[in-house]
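In full-length UniProt numbering, the protein residues as written are 1 to 206.
Just so it is clear, CB atoms sit at the ideal spot from N, CA and C, and this is done for glycine as well.
Only a predicted model underlies this, so the values are computations on that prediction, with no experimental measurement involved.
This report refers to the structure that appears directly beneath it.
Take a look at the structure:
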């Protein structure tokens, strides 16, 4: 649904949909942020949230959520972010996270590795930095990792004992970014979409 109807915002009225389990909203404006967050707090049964900004020049302003949607399992954020809202990092039931067009200046992985149940992480035009490094013993439940169209990226490093359950690894349209993984990880992957000349193997340290 669109965030406005006949040039009038409907974001505040969304809070009346207290039994909603899935919500996809488009054309959200930055000034809608506070009321939208208030509406989200009323949706105790929300399991899937898909948010898209009206303009690529604005920033998603979602920092006002105080009462967590504890059943949220799937989250899609389409639009620029100045930073990852703190409440998102407290979503212990989150299974899938997609960021598109976020263009974050700071590495988001430190925030994301706290998710205890995350199985899918998709970063599309999501990071403007040069290095993404996945620490050992992080993302313990992750099955799918997709990194696409991060043009400033030079290097992706997945250390040993990170992502022990990873099955699918995609890194594409990221310039000449080299992807460093262990041979053990490579052997367990069911699908790898990384340019062969950009795939590098780390020396495993026990």
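Excluding sequence positions up to five away, which residues of its chain have a Cβ less than 6 Å from the Cβ of residue i?
i           : result
residue 36  : 11
residue 97  : 75, 121
residue 183 : 201
residue 206 : Because residue 206 sits at a pLDDT of 47, beneath the cut-off of 50, its placement in the model cannot be relied upon, and the following sentence gives the value as read from the coordinates. If we look at residue 206 and ignore the five residues flanking it on each side, it has no Cβ neighbours.
residue 192 : 169
residue 175 : 151
residue 178 : 155, 198, 200
residue 103 : 80, 128
residue 84  : 108, 111
residue 99  : 77, 123, 126
Determine the contact status of residue i and residue j, defining contact as a CB-CB distance below 8 Å.
i           : j           : result
residue 91  : residue 72  : yes
residue 43  : residue 77  : no
residue 155 : residue 194 : no
residue 39  : residue 21  : no
residue 150 : residue 126 : yes
residue 162 : residue 138 : yes
Can you give me the Cβ contacts of residue i inside the same chain, cut-off strictly under 8 Å, excluding the 5 residues immediately before and after it?
i           : result
residue 34  : 61, 64
residue 56  : 79, 80, 101
residue 41  : 15, 65, 66, 67, 69
residue 143 : 119, 120, 165, 166, 167, 168
Residue i by DSSP, collapsed to three states: which one?
i           : result
residue 160 : coil
residue 194 : coil
residue 174 : coil
residue 89  : helix
residue 110 : helix
residue 100 : strand
residue 2   : strand
residue 155 : strand
residue 141 : coil
residue 183 : helix
residue 206 : Annotation note: pLDDT 47 at residue 206 (below 50); position unreliable, no value reported.
Enumerate in chain order the residues of its own chain whose CB-to-CB distance from residue i is below 7 Å, with the five nearest sequence positions on each side excluded.
i           : result
residue 94  : 72, 73, 75, 115, 117, 118
residue 87  : 65, 68
residue 6   : With a pLDDT of only 45 at residue 6, under 50, the local geometry of the prediction cannot be trusted, and the value read off the model is given with reservation. Closer than 7 Å at the Cβ level, and outside the excluded window around residue 6, lies no residue.
residue 32  : 3, 9, 11
residue 28  : 3, 36, 51, 52, 53, 54
residue 13  : none
residue 190 : 167, 168
residue 136 : 159, 160, 161, 162
residue 82  : 59
Pull up the CB-CB distance for residue i and residue j, whole angstroms please, since I reckon it's below 8 Å.
i           : j           : result
residue 105 : residue 128 : 6 Å
residue 180 : residue 148 : So it is not a contact: roughly 18 Å between Cβ atoms.
residue 134 : residue 157 : 7 Å
Taking 8 Å as the threshold (beta carbon to beta carbon), is residue i in contact with chain D?
i           : result
residue 158 : The structure shown contains no chain D; it holds only a single protein chain.
Task: Segments assigned alpha helix (DSSP H), at least 4 residues, entirely inside the segment 8 to 64 - done: 33 to 41
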